[in-house]
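This report concerns only the one structure given below.
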Amino acid sequence: MTVYTPDAVARLIRWRRHQVLVHSILYYRFDSPIISDHTYDSLAQELIQLQRDYPEISESVDYKLDAFRGFTSSTGYDLPLFSPGEVVVARTLLKLRNERTDS
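In structure tokens form, the structure reads like this:
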């Protein structure tokens, strides 16, 4: 079993929230997923487990905290799909994917 420091747990929670949000934007807003449903579900389930196992740390990570309170992974549709920074990341990922598939 891996043991994480509180700082590592906080970074991982923030990163998983970011990943789930960006991939929700790609799926729901742009109708262009770049990962499989299985991969998305794995990321979302890991996030839920981290938030459940480390509730105090989860609450201390202010990145999109309100959006992920009560997140169940059943859908990312209710997340902030118009969040400007994450929309830029999603568009960049789409551009990179399209460049790779066009070459």
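Position 2 of the sequence shown, counted from 1, bears residue number 2 in my numbering, the numbering being contiguous throughout.
Note that CB positions come from ideal geometry on N, CA and C, so glycine has one too.
Helix, strand or coil at residue i according to DSSP, with G and I counted as helix
i: G85; result: helix
i: I25; result: helix
i: Y40; result: helix
i: F68; result: helix
i: L79; result: coil
i: I34; result: coil
i: T2; result: coil
i: V20; result: helix
i: D7; result: helix
Euclidean distance between Cα positions of residue i and residue j
i: L94; j: P6; result: 33 Å
i: A8; j: Y28; result: 30 Å
i: D31; j: V87; result: 13 Å
i: I34; j: V3; result: 31 Å
i: F68; j: T39; result: 18 Å
i: Q45; j: G85; result: 23 Å
Buried or exposed (CB count within 10 angstroms, at least 16 for buried), residue i
i: R16; result: buried
i: L123; result: In the structure as shown, the chain begins at 1 and stops at 103. Residue 123 is therefore absent and cannot be evaluated.
i: E99; result: exposed
i: G76; result: buried
i: S42; result: exposed
i: S24; result: buried
i: Q19; result: buried
C-beta neighbour in chain B for residue i, strict 8 Å
i: R52; result: Structure shown: chain B not included; a single protein chain is present.
Give a yes or no on contact between the segment 79-99 and the segment 41-57, applying the rule of three or more CB pairs nearer than 8 Å. no
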